[in-house]
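Peer 1: Residue 224 is where the sequence shown starts when you use the working numbering, and the numbers rise one by one after that.
Cβ atoms here follow ideal geometry from the backbone N, Cα and C, with glycine treated the same way.
I'd like to ask some things about the structure below.
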Amino acid sequence: MTTCHELSVGEEMYRWATDLFPLNRSLTGAGNRATLAYLRQILPGLSIHEVPSGTSAFDWTVPDEWNVTDAYVMDEIGRKVIDWKRNNLHLVGYSVPFQGSVSLEELQTHLHSLPNDPDAIPYVTSYYRGNWGFCISDQDRKALSDGIYRVVIDTILAPGSLTYGELLLPGEEKQEILLSTYICHPSMANNELSGPVVTAALARWLQSLPARRFTYRIVFTPETIGAIVYLSRNLPIMKERTIAGFVVTCVGDDRCYSFMPSRRGQSLADRVARHVLKHSAPDYKAYTFLERGSDERQYCSPGVDLPVASIMRSKYNKFPEYHTSKDNMTIISPSGLQGAHDILKTCLEVLEHNYVYKATYLCEPQMSRRGLYPTLSRNNAEAWVRKMMNILAYADGTGDLITLADEIGTSAKSCIDYVGQLLEAGLIGKVDGPAMAAGQGAK
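The structure is reproduced here in structure tokens:
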């Protein structure tokens, strides 16, 4: 693992992604374990769980484990025209073992390419069907000449286990915030590695806090089947305690921000995400749950109904490099990772302070005798006083911090210091009750 204390968080995350990029991740296998072992070096306390093949999880069953030693296609002069060791996207995910000689005509039935993107290698999987195949750029496919090709797919597909990582960070309250990301795509940067590295950086920050209001449940798992397995093991406590959650994916490029709401779109996660994006990235692209595609499908499904949303950079399936070899380390950047990290961190900071506040005095209190009225020499003195008085004017015990900030036309994050001073001076108090305005939490 590469570390350097002088790096920015964005640069650190980019280094982590660079280290993890070559690993051959899938639903199961050694690449997932290696990825989680790496992340555990960043996050002491990350527990790694193995779920045996054949284990039932709602309507699904944990598949056999898949591992790759080698895979290639060799022409008649001994040249490897397709080589998994050169790019692990070349092999169709979960390809069954195969060795033999085939004609070009037969080989073509096992090849996948993108005529509309001729220099890209596509990402293709066959998780639940016993197939084999290779992915190749369309220009290389067209360059194949007639002849006999030697095909070697040295894989093992046998009972094993699915591996996921979990980090539970206790808070002063049992109510939980979920951060979930996936570890199942080989050598893709934005669609895969940006999520785990940003989640790891957020988790490290949360670990460093002297105190946390909420408990944090942080999950690194294969997409879809991993989330389903995790829910099958933890759903009762998650339904009881989860007040907000985020699926962290596609958070590495420098393009516009994107937002995927929960199924109903009115959860606390939706509210804080929209609020923070409005003030940090107002040109963000808003999608609907009808355009879902990641693990929000599981966390928000009927009967599960967890308050989970996603803040992304370029949304999955919406950027041109998606699910191809072009989604490489040139697509993400330290600044792109840093930006997503900072917005998600702001969401968590706002949630930590998202109480319902109520003024403790009738009429305006005398601020000067409490040292809350700045001297005339203070920069922006009028704006400072105006914001503090606006907070007091709307702290009526009926709405949480997000509602209050919306009402006075400012960001909730910018209110946090003011609220702290008003609490310390005894001019406002926290209203007993849940962490959000009525009706806005988990159902």
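So who's on the other strand from G388, going by DSSP bridges?
Peer 2: Answer is I271 and F443.
Peer 1: In three-state DSSP terms, what is Y617?
Peer 2: In this structure, Y617 counts as helix in the three-state DSSP scheme.
Peer 1: Of the choices P433, T583, T386 and V654, whose alpha-carbon is the least far from that of T258?
Peer 2: T386
Peer 1: Check the C-beta distance from A504 over to I555 and give it rounded, since I have them as a contact under 8 Å.
Peer 2: Wrong, their Cβ atoms sit about 17 Å apart, outside the cutoff.
Peer 1: Beta-carbon separation of M552 and C473 under 8 Å?
Peer 2: With respect to C473, M552 sits apart: the two C-beta atoms are not nearer than 8 Å.
Peer 1: Between L650 and Y545, is the Cβ-Cβ spacing less than 8 Å?
Peer 2: no
Peer 1: Would you kindly work out how many angstroms separate the C-alpha atoms of N413 and A343, rounded to a whole number?
Peer 2: 16 Å
Peer 1: Could you tell me the alpha carbon to alpha carbon distance between I400 and H564, rounded to whole angstroms?
Peer 2: 16 Å
Peer 1: Grouping DSSP H, G and I as helix and E and B as strand, with all else coil, what is V495?
Peer 2: helix
Peer 1: Grouping DSSP H, G and I as helix and E and B as strand, with all else coil, what is A366?
Peer 2: Coil, per DSSP.
Peer 1: Any idea what DSSP makes of D242, helix, strand or coil?
Peer 2: Residue state, collapsed to three classes: helix.
Peer 1: What residue range is occupied by the uninterrupted alpha helix (DSSP H) comprising W428?
Peer 2: S417 to S431
Peer 1: So, at 6 Å on beta carbons, what are the nonlocal neighbours of A665 in its own chain, with the 5 sequence-adjacent residues on each side left out?
Peer 2: With a pLDDT of only 37 at A665, under 50, the local geometry of the prediction cannot be trusted, and the value read off the model is given with reservation. Closer than 6 Å at Cβ, skipping near neighbours: T465, I466 and P530.
Peer 1: Select from Y261, G370, E234 and C407 the residue whose C-alpha is nearest the C-alpha of N290.
Peer 2: C407
Peer 1: Would you kindly check if the distance between the Cβ of P409 and the Cβ of N205 is under 8 Å?
Peer 2: Given a span of 224 to 666 for the chain in the structure shown, any question on residue 205 remains unanswerable.
Peer 1: From the DSSP secondary-structure annotation, give me the bridge partner or partners of Q322.
Peer 2: V375
Peer 1: Using the rule of at least 16 other Cβ atoms within 10 Å of the residue's Cβ for burial, across every protein chain shown, is F339 buried or exposed?
Peer 2: Reading off the sequence shown, one finds Asn at residue 339, where the question assumed Phe. So N339 counts as exposed.
Peer 1: When DSSP builds the beta bridges, which residues end up paired with F469?
Peer 2: L402 and A532
Peer 1: When we look at the beta-carbon of N255 and count the other beta-carbons within 10 Å, is it buried (16 or more) or exposed?
Peer 2: buried
Peer 1: Please name the residue in D477, T438, R352 and C479 whose C-alpha comes closest to that of A468.
Peer 2: Rather than Ala, the amino acid found at residue 468 in this sequence is Gly. When each option's Cα is compared against that of G468, the closest is T438.
Peer 1: Have a look at L574 and R436 and give me their C-alpha separation to the nearest angstrom.
Peer 2: 9 Å
Peer 1: Report yes or no: do the region 507-519 and the region 477-491 share at least 3 C-beta pairs separated by less than 8 Å?
Peer 2: yes
Peer 1: Hey, how far is the Cα of E389 from the Cα of Q430?
Peer 2: 14 Å
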